[in-house]
Structures are given as C-alpha cells and as structure tokens.
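So the structure is just underneath, and the comments pick up after that.
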Amino acid sequence: MSTRTIEIMVGLFVAAGIAALFMLAMKVSNLSTYGGDEGYVISASFDNIGGLKVRSLVSASGVRVGQVVSIEYDSDGYEARVTMSIDPQYDKFPIDTAASIMTSGLLGEQYVGLQPGAEEEYLKVGSEIELTQSALVLEQIIGQFLYSKAEEE
Amino acid sequence: MMLLFDKLQSLGHSALTSLQRLGRGHVFLMQVLPAMEGMLFRPGLLIRQMYSVGVLTMLIIVVAGLFVGMVMALQSYYALVDFGAEDSVSVMVVLSLLRELGPVVTALLFAGRAGSALTAEIGLMKATEQLSGMEMMAVNPIERVIAPRFLAGFLSMPLLAAIFSAVGVMGGYLVAVELLGLDAGAFWSQAISNVDLYHDLGNGMIKSAVFGFVVVWIAVFEGYDCVPTSDGLGKATTRTVVHSSLAVLGLDFVLTALMFSE
C-alpha cells in the first residue's frame with residue numbers, strides 16, 4: 001500500500017478519534033452547561049440536608065441555575081452548611097430568597113430549590129441565605145403521622 | 001527431605017525468573033523512552049505504525065462498541081422500566097461506557113488485536129535475526145523498530161476508547177429511542193445533567209491512556225524478549241494477551257478506586 005493511502009487512513013483515524021471525543025464532550029457531558037468557576041458562591045445552613053450531595057443541582061422554578069460545591073457540618077451552629085455556586089447570568093436573586101431541599105420525583109435525587117423573595121437588594125458573592133427549609137425525611141414524616149394517629153384515639 | 005528441597009528450589013527459581021523478567025521489562029522501558037526523540041526526525045515510521053496498530057483495530061472497536069451500547073441500553077431498560085425510571089437508560093449507558101466499558105473493553109480488544117500482532121512481529125524479527133542485523137549496520141533497533149510501535153500504541157488507545165464510547169452511545173440511542181420508543185430529548189438531557197466533563201469523560205480518557213501504555217509496553221517487551229524459536233514466539237504472544245488483559249483488569253480496579261471514591 002502506498003505511503004499516501006496509509007497517511008490518509010491514519011488521518012481519518014485520528015480525525016474520527018477527535019470527533020468522537022468532541023461528540024462525547026458536547027452531546028453527553030455537561031460541557032455546555034459549564035459556567036465553570038466564574039459562578040458566584042453563596043451559602044445556606046440547613047437543619048437536615050437529607051441525601052443532598054456535592055454536585056447536586058441548584059434550581060429556581062425548575063431551571064438549573066447552579067450546583068452544590070461543598071457540604072460541611074457546622075459544629076458551632078449544629079447545622080449543615082451548604083455552599084452553592086450559582087451561574088453568573090443568574091445574578092438577580094433578592095437577599096430574602098428562600099432555599100429548600102426538595103426531591104425530584106418520589107425516589108429521585110435531592111436538589112436545592114430557590115424561591116426568590118421581594119427585596120430590592122440582590123445576593124452577591126459570599127452572601128448567606130437566611131430562609132431555609134430542611135429536607136423531608138421519610139422516617140420523621142411517618143413518625144409524626146403515627147404520633148398524631150395515636151393522639152386522636 | 002530431598003523432595004522438599006527440590007520443590008523449594010523450583011519455587012525459588014520461578015520467583016527469581018519472574019523478578020528478572022520484571023527487571024528486564026523496566027530496563028527495556030528505560031531504553032525505549034529516550035529513543036522516542038528519534039520519532040521527531042522520522043514521523044513516517046510513526047504513521048506507518050499508527051496504521052497497523054490503530055486503523056486496523058478500528059473495525060473491531062466500532063462493531064464491539066455498537067453492540068455493547070445496544071445491549072447496555074436493552075438491559076438497563078428492562079431493569080429500570082420496573083421502577084418507571086426508563087428515562088435514566090441514557091445515564092446508565094453513557095456513564096458505564098465512559099467510566100468503565102470504553103477504556104476496559106477497548107484495552108482488552110486492543111491487547112488481542114494489536115498487542116498480539118506487535119509481539120509476533122517483533123518476535124519474528126528477532127527469530128530471523130533482523131534485529132541483530134540492524135545492530136550490525138549501526139541502526140539502533142529500539143529506536144527504529146520498538147519506539148514507533150510503542151508511541152503508536154500509546155497514542156491510538158485513547159482515540160480508540162473515545163471512538164468505542166461514542167459509537168456505544170449511538171448504539172444506545174438507537175435502541176432506546178428508535179426501538180424502545182423513549183424520548184430523544186430526555187435521552188440527551190438526562191445524560192448531560194448527570195455526566196461531568198472532567199470527572200467522567202476525563203477520568204475515562206486517563207484510564208485508557210494508562211491501559212494503552214501498559215498493554216503496548218507488555219506487547220513490545222514480550223516480542224523483544226522472546227525466546228527466538230517458533231515455540232518461544234507462540235508462548236510470548238500468548239503471554240502478551242494474558243498478561244496485558246490481567247494488568248488492565250487489575251489496574252482498572254486501582255484506578256477506579258482512586259478516581260471515583262470521592
């Protein structure tokens with residue numbers, strides 16, 4: 001086989017490999033949703049985060065606006081401290097925005113939902129969300145239900 | 001008593017031979033790596049090897065990737081439909097392809113298709129004294145024969161793994177959307193929201209580069225080190241496939257534990 005044909009075949013091979021990488025990066029990974037590190041970081045404290053994980057979604061009205069960066073236990077306030085990175089184009093959350101931990105579907109993943117408030121000032125880098133609502137823990141709900149049943153009788 | 005000593009001796013002998021082989025392998029690697037710079041002046045050698053190592057392996061990679069993706073989609077559909085979670089088929093297919101199946105299956109096929117061919121080729125060169133002939137003519141066989149094959153294998157593996165995963169995803173799409181009638185939009189959006197560029201795709205590519213290095217190292221070493229007889233050549237080829245497959249599976253466990261433990 002001539003050198004030319006071999007070189008063309010190798011060229012095709014390399015091009016196919018790079019095209020495959022490109023397709024994987026664009027089509028099935030979150031490259032397109034990468035705001036990267038430019039997102040601004042805010043935090044919130046919760047009594048109970050349930051099954052929230054690092055890289056869980058942060059959404060407002062069901063739209064993805066950022067992701068959870070870190071989760072720590074604050075041993076002074078006895079609360080879980082969740083740090084979130086919000087994509088830079090969503091920079092208009094009022095300072096009285098409420099954060100609650102919700103579940104997508106019955107058994108789905110947990111995510112942080114933001115409900116914008118009414119204040120004129122907006123959240124900025126390092127702000128803390130004051131209004132938070134913890135995750136619903138199934139055992140607690142069942143416990144409360146049984147407790148109230150017992151009260152009735 | 002005598003029998004015991006005989007057994008002990010044979011055990012010690014085999015331990016020493018494997019240690020020796022391991023040592024020779026590393027010395028060999030240390031000779032090959034500096035010889036890479038010769039490649040800069042003769043890229044033609046590398047291209048020719050990329051053809052025989054990469055291009056010729058592509059067919060089996062594409063076919064295997066397509067079917068692995070399709071089977072993954074079918075099986076995960078059957079498992080997930082019971083929970084009403086059939087939209088997650090794409091996550092299952094894409095994540096397992098990118099993280100595990102892409103790098104590992106490609107490396108196993110690569111060891112079988114390209115690794116064995118490399119060993120046989122180099123071993124036959126040794127048996128027919130072509131390598132010694134080169135040395136007689138003051139041509140360094142490591143620079144001329146081994147280094148291009150090594151580099152070609154190392155470069156081809158990640159490309160092959162990427163092709164495998166991409167074709168697998170398309171196979172999964174074909175089955176999930178065209179055959180099982182899932183929603184095409186949900187297929188892609190579920191994947192996008194659950195697959196991370198660096199964590200999943202990047203680590204998969206690192207894995208495949210490591211596997212490529214190990215497989216091609218074992219393959220060229222076994223060829224270069226083989227006993228130059230027809231019997232020795234056969235054994236060396238078998239060892240290439242067995243050892244590189246075992247190395248890939250073992251390394252995969254270690255790499256997965258390191259990368260995805262969080």
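Each protein sequence line maps, in turn, to chains D and R. Residues in the first sequence are numbered consecutively from 1, following our numbering. Residues in the second sequence are numbered consecutively from 1, following our numbering. Each residue gets a CB set at the ideal place from its N, CA and C atoms; glycine is no exception.
Look at the alpha carbon of residue 137/D and the alpha carbon of residue 30/D, and state the distance between them as a whole number of angstroms.
So the alpha carbons of these two residues sit roughly 30 Å apart.
Short check: CB of residue 65/R to CB of residue 164/R, under 8 Å?
For residue 65/R and residue 164/R, yes; Cβs fall inside 8 Å.
Just confirm the distance between the C-beta atoms of residue 94/R and residue 191/R, as a whole number of angstroms; I'd bet it's less than 8 Å.
With 8 Å as the limit, residue 94/R and residue 191/R qualify as a contact, their Cβ atoms being about 5 Å apart.
Would residue 196/R pass as an interface residue toward chain D - the criterion being a Cβ-Cβ separation below 8 Å?
Contacts with chain D at 8 Å (Cβ-Cβ) include residue 196/R.
Jot down the residue ranges of each uninterrupted alpha helix (DSSP H) in the region 186-258 of chain R, minimum 4 residues, whole runs only, in chain order.
The region 186-258 of chain R contains these whole alpha helix (DSSP H) runs: 203-225.
Which of helix, strand or coil does DSSP assign to residue 135/R?
Of the three classes helix, strand and coil, the one that applies to residue 135/R here is helix, per DSSP.
Nearest-angstrom Cα separation, counted from residue 177/R out to residue 184/R:
Looking at the two C-alpha atoms, the distance is approximately 6 Å.
Counting only runs that start and end within the region 78-161 of chain R, where is the beta strand (DSSP E) found for 3 or more residues in a row?
Complete beta strand (DSSP E) runs here, min 3: none at all.
Using a Cβ cut-off of 7 Å, which residues of the region 9-24 of chain D contact any Cβ in chain R, in chain order?
Cβ contacts with chain R come from 9, 10, 13, 14, 16, 17, 20, 21, 23 and 24.
Hey, how far is the Cα of residue 57/D from the Cα of residue 89/D?
Going by the C-alpha atoms only, they are around 16 Å apart.
CB contact check: residue 6/D to chain R, cutoff 8 Å:
Closer than 8 Å to some Cβ of chain R, the Cβ of residue 6/D qualifies, so yes.
Could you please give me the residues that DSSP links to residue 17/R through a beta bridge?
The partner list for residue 17/R (beta bridge, DSSP) is empty, contrary to what the question assumes.
Grouping DSSP H, G and I as helix and E and B as strand, with all else coil, what is residue 143/D?
It is helical.
Consider the Cβ of residue 188/R: report whether some Cβ of chain D lies at a distance smaller than 8 Å.
Closer than 8 Å to some Cβ of chain D, the Cβ of residue 188/R qualifies, so yes.
With C-beta atoms as the reference, is residue 25/R less than 8 Å away from residue 211/R?
Not in contact: residue 25/R and residue 211/R (Cβ atoms no closer than 8 Å).
Which one of 119/R, 203/R and 251/R has the shortest CA to CA distance from residue 52/R?
Selected option, being the one with the closest Cα: 119/R.
Going along chain D in order, which residues have a C-beta closer than 9 Å to the C-beta of residue 77/R?
Near residue 77/R there are no residues of chain D at all, since even the closest Cβ is about 17 Å away, more than 9 Å.
Considering only DSSP beta bridges, list what residue 66/D is partnered with.
Answer by DSSP bridge pairing, in chain order: 58/D and 86/D.
Option in 110/R, 230/R, 243/R and 102/R with minimal Cα separation from residue 20/D:
Closest option to residue 20/D, judged by alpha-carbon separation, among 110/R, 230/R, 243/R and 102/R: 102/R.
Other residues of its chain near residue 233/R: CB distance less than 7 Å, five sequence neighbours each side excluded:
Cβ neighbours of residue 233/R beyond the five flanking positions: 120, 123, 124, 127 and 226.
Can you give the Cα-Cα distance for residue 151/R and residue 76/D, rounded to whole angstroms?
If I take the Cα positions, the gap works out to 56 Å.
Ordered along the chain, which non-local residues of its own chain (more than five positions away) have a Cβ less than 7 Å from that of residue 123/D?
The answer, listed in chain order, is 42, 93, 95 and 97.
Amino acids of chain D, ordered along the chain, whose beta-carbon sits closer than 8 Å to that of residue 58/R
What residue 58/R touches in chain D: 13 and 16.
Establish whether the CB of residue 200/R and some CB of chain D are separated by less than 8 Å.
Taking Cβ atoms only, chain D reaches closer than 8 Å to residue 200/R, which makes this a yes.
Is the CB-CB distance between residue 65/D and residue 83/D below 8 Å?
Taking 8 Å as the Cβ cut-off, residue 65/D and residue 83/D do not qualify as a contacting pair.
Give the residues of chain R in contact with residue 27/D, contact being defined as C-beta atoms less than 7 Å apart.
Result: 188.
Cutting at 8 Å between CB atoms, please list the residues of its own chain near residue 54/D, excluding the five before and the five after it.
The answer, listed in chain order, is 68, 69, 70 and 71.
Assuming contact is defined by CB atoms lying nearer than 8 Å, are residue 248/R and residue 215/R in contact in what I supplied?
Contact: yes.
Starting from residue 48/R, find everything on chain D with Cβ-Cβ shorter than 7 Å and list it in chain order.
Going along chain D in sequence order, the residues near residue 48/R (Cβ under 7 Å) are 6.
Residue 83/R to residue 150/D, Cα distance in whole Å?
So the alpha carbons of these two residues sit roughly 33 Å apart.
Within chain R, the residues that residue 30/D reaches when beta carbons sit closer than 8 Å
Within chain R, the residues near residue 30/D are 192, 193, 195, 196 and 197.
For residue 88/R, collect the residues of the same chain with a Cβ closer than 7 Å to its Cβ; drop the 5 residues on either side in sequence, then sort them by chain order.
So the qualifying residues of the chain are 80 and 190.
The region 230-245 of chain R touching the region 106-117 of chain R, judged by at least three CB pairs closer than 8 Å:
Look at the beta carbons and you see the region 230-245 of chain R touching the region 106-117 of chain R: at least three pairs across the two are nearer than 8 Å.
For residue 26/D, is the classification buried or exposed, using 16 other Cβ atoms within 10 angstroms of its Cβ as the cut-off for buried?
Flag for residue 26/D reads exposed.
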